[in-house]
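Chemist: Handing you this structure, nothing more for now.
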Amino acid sequence: MNKKNKIFIVIFITGAVAIINGSFIKINGNLNADIILLSGLIMELISIAGLILNNLKKIKLFLK
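The numbering of the sequence shown is the UniProt record's numbering, which starts it at 1 and goes up by one.
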């Protein structure tokens, strides 16, 4: 696993933690939790897209 993949996995885990924390904050009634949830969602999307684009050759080889 190269350095880019590790960074994208760290971003993915950080996004998941942000979504979990944002959901707990939202349950407690804080109105600003939407910002935390949105930032976690954006981190998730960026990390998934980065992992797919970074490993596109391996994915194509695997699917053949």
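Quick reminder that beta carbons are idealized off the backbone N, C-alpha and C, glycines included.
Fair warning: this is a prediction, and the values are worked out from it, not measured in the lab.
M43 by DSSP, collapsed to three states: which one?
Modeler: In this structure, M43 counts as helix in the three-state DSSP scheme.
Chemist: By DSSP, does G50 sit in helix, in strand, or in coil?
Modeler: In this structure, G50 counts as helix in the three-state DSSP scheme.
Chemist: Under a three-way DSSP split, which group does G15 fall into?
Modeler: Looking at G15 - three-state DSSP - the assignment turns out to be helix.
Chemist: By how many angstroms is the C-alpha of N54 removed from the C-alpha of S18?
Modeler: Per the sequence presented here, residue 18 reads as Ala, with Ser not at that position. The straight-line gap from Cα to Cα measures roughly 24 Å.
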